[in-house]
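**Q** Take this structure, written in structure tokens, and hold onto it; I'll ask about it next.
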Amino acid sequence: MLTPVILAGGNGTRLWPLSRQQRPKQFLALAGETSLFQQTLARLEELDTASPIVVGHHDHRFLIAEQLREQGIEGATLLLEPEGRNTAPAIAVAALVACANGDDPLLLVLPADHLIRDGEALCASIVRGEALAEQGRLVTFGVVPTHAETGYGYLQRGEPLGKDGYRVRRFVEKPDADMARTYCDSGEFLWNSGMFMFHASRYLEELERLQPTMLSACRAAVAGVRADLDFLRLDAEALLACPANSIDYAVMEATDDAAMVTLEAGWSDVGSWSTLWEHQTRDAQGNACHGDVLVEDTRDSLIHADSRLVAALGVEELIIVETRDALLVAGRERVQELKRVVERLQTAGRREHVEHPCVYRPWGYYQIIACGPRYQVKRIHVSPGARLSRQLHHHRAEHWVVVSGAARVSISDDTFLLGENQSTYIPVGQVHVLENPGRIALELIEVQSGTYLGEDDIVRLDDQYGRV
Numbered sequence: 036m037l038t039p040v041i042l043a044g045g046n047g048t049r050l051w052p053l054s055r056q057q058r059p060k061q062f063l064a065l066a067g068e069t070s071l072f073q074q075t076l077a078r079l080e081e082l083d084t085a086s087p088i089v090v091g092h093h094d095h096r097f098l099i100a101e102q103l104r105e106q107g108i109e110g111a112t113l114l115l116e117p118e119g120r121n122t123a124p125a126i127a128v129a130a131l132v133a134c135a136n137g138d139d140p141l142l143l144v145l146p147a148d149h150l151i152r153d154g155e156a157l158c159a160s161i162v163r164g165e166a167l168a169e170q171g172r173l174v175t176f177g178v179v180p181t182h183a184e185t186g187y188g189y190l191q192r193g194e195p196l197g198k199d200g201y202r203v204r205r206f207v208e209k210p211d212a213d214m215a216r217t218y219c220d221s222g223e224f225l226w227n228s229g230m231f232m233f234h235a236s237r238y239l240e241e242l243e244r245l246q247p248t249m250l251s252a253c254r255a256a257v258a259g260v261r262a263d264l265d266f267l268r269l270d271a272e273a274l275l276a277c278p279a280n281s282i283d284y285a286v287m288e289a290t291d292d293a294a295m296v297t298l299e300a301g302w303s304d305v306g307s308w309s310t311l312w313e314h315q316t317r318d319a320q321g322n323a324c325h326g327d328v329l330v331e332d333t334r335d336s337l338i339h340a341d342s343r344l345v346a347a348l349g350v351e352e353l354i355i356v357e358t359r360d361a362l363l364v365a366g367r368e369r370v371q372e373l374k375r376v377v378e379r380l381q382t383a384g385r386r387e388h389v390e391h392p393c394v395y396r397p398w399g400y401y402q403i404i405a406c407g408p409r410y411q412v413k414r415i416h417v418s419p420g421a422r423l424s425r426q427l428h429h430h431r432a433e434h435w436v437v438v439s440g441a442a443r444v445s446i447s448d449d450t451f452l453l454g455e456n457q458s459t460y461i462p463v464g465q466v467h468v469l470e471n472p473g474r475i476a477l478e479l480i481e482v483q484s485g486t487y488l489g490e491d492d493i494v495r496l497d498d499q500y501g502r503v
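Written out as structure tokens, the structure is:
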């Protein structure tokens, strides 16, 4: 039986402004009704697997838990990193946890942010990979290239290993355009998918041989793990002392047991807007449109509208992405340079690369509708049975208007119910609690007013989600 290890810790800046640090691309529904993370989980339903191990950033813990719940998955092990240390340590802590009870499971390592169109083909490749992994090999999956791509690393195929796969002759960095064409024409090179399979013990053996300092830090991080609700927090001091490195550099390029299985399943790492355009349904003029979009004499463009009408007239090969707080207009062939835009936002001390207009919390989410000097308006969604922390604010007052559902409100020692179209007021400094006692979602509008409106003006007095 396979134990899936889902790597869900990336920040996904290459799909800004949809993808932000608070809600990166793996948690977005970019190609379908569910997120890339949930699609990764859904692919496992066709296989005989144990409950997954998910490695993610502690800032995304409630988002991970909610999307697992929506997917109907129970019993997952949720390992929280204080800071990403790349894939080699993430897989190491998952392998150590998987072996904690004396087991040695076969690990199937999957990034949470990949798109795969043909699930049956993926399962067939996994079955072939199992045979090689049972022989003690460290297996990766090489995607048969469909074009000369400069955004992916490549694997050079070595001699066959029976009927199931090949040795990996070498790993190759992302090439320039001419070299990418040479690789594709040769028939020997495949895209590096970043997916792996091996027994937990074999990975740890190779890591101890090749990266003993890294493994020692990972062991300390697991030894100091602390339970937090349904999560396992890795020891922060130990993990932050761990060298950051990818599994490719740390292990796969140096091991003598790297094997490769070919994969033809409509794979993409959705690494840029141009890649997403290639994988989306397009109209007769080559446009991929999402949301309230109007196009006229426009060709070969991706246009994504989140909150308002976006009209495009007389343009070609553009990426246009609109959110409530940002607008991206870029040449389709220049989107690999988007990192420069995000770096400028960071240098300028702005927050549009970090915060998302829709912010998820363990009790639901809120969406900023409008803000200005001394005021901010939010739409707040509280899930059935959920309760916000008992809290107060030193610098702002709040006005709540219930739009739908029912709210139980406590202000100081006074507790009362509010229904649709009813409202209340929370003065500055008053202790208050909001909860949804009903079976349907609670929607309300919150108007904040005061001298300071930041989220750090929340003094939590008690909280069922452990955030005090």
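Numbering-wise (the working numbering), the sequence shown opens with residue 36 and increments by one. Backbone N, C-alpha and C define an ideal beta-carbon position, used for all residues, glycine too.
Could you have a look at K209 and say whether DSSP puts it in helix, strand or coil?
**A** In the structure shown, K209 sits in coil (DSSP, three-state: anything other than H, G, I, E or B).
**Q** What's the C-alpha gap between P278 and D497?
**A** When rounded, the distance between both Cα atoms is 37 Å.
**Q** Indicate whether V179 and W302 have their beta-carbon atoms separated by less than 7 Å.
**A** No.
**Q** Going by CA-CA distance only, name the one from E351, E331, R359 that's closest to S342.
**A** Ranking E351, E331, R359 by Cα distance to S342 puts R359 first.
**Q** Quick one: give me the first and last residue of the alpha helix (DSSP H) that P247 is part of.
**A** That run of the alpha helix (DSSP H) goes 247–258.
**Q** Judging by CA-CA distance, which residue of P195, L298, Y460, D270 is the nearest neighbour of S160?
**A** Ranking P195, L298, Y460, D270 by Cα distance to S160 puts L298 first.
**Q** Between the Cα of R369 and the Cα atoms of S307, Y500, F224, which residue gives the shortest distance?
**A** Nearest C-alpha to R369: S307.
**Q** Assign P39 to one of two classes, buried (16 or more other C-beta atoms within 10 Å of its C-beta) or exposed (fewer than that).
**A** Buried, since its Cβ has 16 or more Cβ neighbours within 10 Å.
**Q** For C406, does the count of other Cβ atoms within 10 angstroms reach 16, so buried, or fall short, so exposed?
**A** C406 comes out exposed.
**Q** For S303, list the residues DSSP reports as bridge partners.
**A** Its beta-bridge partners are L150.
**Q** Note the first and the last residue of the continuous beta strand (DSSP E) segment covering A365.
**A** 362–366 is the span of the beta strand (DSSP E), which, as asked, contains A365.
**Q** Between V460 and H434, which are expected to be in contact by the criterion C-beta below 8 Å, what is the C-beta distance as a whole number of angstroms?
**A** Correcting the residue identity first, residue 460 is Tyr in this sequence and not Val. The Cβ separation is near 5 Å, so the contact holds.
**Q** Touching or not, the stretch 66–81 and the stretch 141–148, by the rule of three or more beta carbon pairs under 8 Å?
**A** As far as the Cβ criterion goes, the stretch 66–81 touches the stretch 141–148, which means the pair count is three or higher.
**Q** Quick check on the DSSP output: the alpha helix (DSSP H) that includes P124 runs from which residue to which?
**A** Start and end: 122–133.
**Q** Starting from L76, trace the alpha helix (DSSP H) both ways and give me its first and last residue.
**A** 71–78 is the span of the alpha helix (DSSP H), which, as asked, contains L76.
**Q** Report yes if the CB atom of N46 is closer than 7 Å to the CB atom of Q56, and no otherwise.
**A** In contact: N46 and Q56 (Cβ atoms closer than 7 Å).
**Q** With 16 other CB atoms within 10 Å as the buried threshold, where does M295 fall?
**A** It counts as buried.
**Q** In angstroms with no decimal places, state the Cα-to-Cα distance between A421 and E184.
**A** Cα to Cα, the separation comes out at about 47 Å.
**Q** W398 and V412: beta carbons closer than 7 Å?
**A** Not in contact: W398 and V412 (Cβ atoms no closer than 7 Å).
**Q** Entirely within the stretch 424–468 and at least 3 residues each: give me those beta strand (DSSP E) ranges in chain order.
**A** Qualifying beta strand (DSSP E) stretches, in chain order: 425–427, 431–439, 442–446, 449–453, 458–461.
**Q** On a CA-only basis, which of C134, A130, M36 is nearest L82? Give me that one, please.
**A** Per the Cα distances, M36.
**Q** So, under 8 Å CB-CB, R192 and A293 are touching, yes? Tell me the CB distance rounded to an integer number of Å.
**A** Not quite, the Cβ-Cβ distance comes to about 11 Å (not below 8 Å), so this is no contact.
**Q** Among E390, V437, H95, whose alpha-carbon lies nearest the alpha-carbon of E470?
**A** Taking only the C-alpha atoms, the option nearest E470 is V437.
**Q** Answer with buried or exposed for P52, where buried requires no fewer than 16 other C-beta atoms within 10 angstroms of its C-beta.
**A** P52 should be labelled buried.
**Q** From what residue to what residue does the beta strand (DSSP E) around L82 run?
**A** Taken as a continuous stretch (DSSP letters only), L82 belongs to no beta strand (DSSP E), as it is neither H nor E.
**Q** Looking at C-alpha atoms only, which residue of R152, I108, A85, G200 is the closest neighbour of L143?
**A** The shortest C-alpha separation from L143 is found at A85.
**Q** Starting from the Cα of H430, find the closest Cα among S447, E223, G464 and give me that residue.
**A** Checking every option, the nearest Cα to that of H430 belongs to G464.
**Q** Can you tell me whether L281 is helix, strand or coil according to DSSP?
**A** Contrary to the premise, residue 281 reads as Ser rather than Leu in this sequence. In this structure, S281 counts as coil in the three-state DSSP scheme.
**Q** Just mark H182 as buried or exposed, buried being the case when its beta carbon has 16 or more other beta carbons within 10 Å.
**A** Result: exposed.
**Q** Does A159 come out as helix, strand or coil in the three-state DSSP assignment?
**A** A159: helix per DSSP, three-state reduction.
**Q** To which residues of the same chain is G229 closer than 6 Å at the C-beta, ignoring the five residues directly before and after it?
**A** Within the same chain, G229 has close Cβ partners P146.
**Q** DSSP three-state label for G171, please.
**A** Three-state result, G171: coil.
**Q** Using 8 Å for Cβ pairs, my map puts V89 next to L113. What's the rounded Cβ distance?
**A** That belief holds up - the Cβ atoms of V89 and L113 are roughly 5 Å apart, short of 8 Å.
**Q** Let me know if F266 comes out buried or exposed under the rule of 16 or more other beta-carbons within 10 Å of its beta-carbon.
**A** F266 comes out buried.
**Q** Answer yes if the stretch 332–342 comes into contact with the stretch 256–274, meaning at least three C-beta pairs across the two stretches below 8 Å, and no otherwise.
**A** Output reads no: the stretch 332–342 does not touch the stretch 256–274.
**Q** Short of 7 Å in beta carbon distance, which residues of its chain neighbour E241, apart from the five on each side in sequence? Order them along the chain.
**A** Here the set comprises L173, V286, T290.
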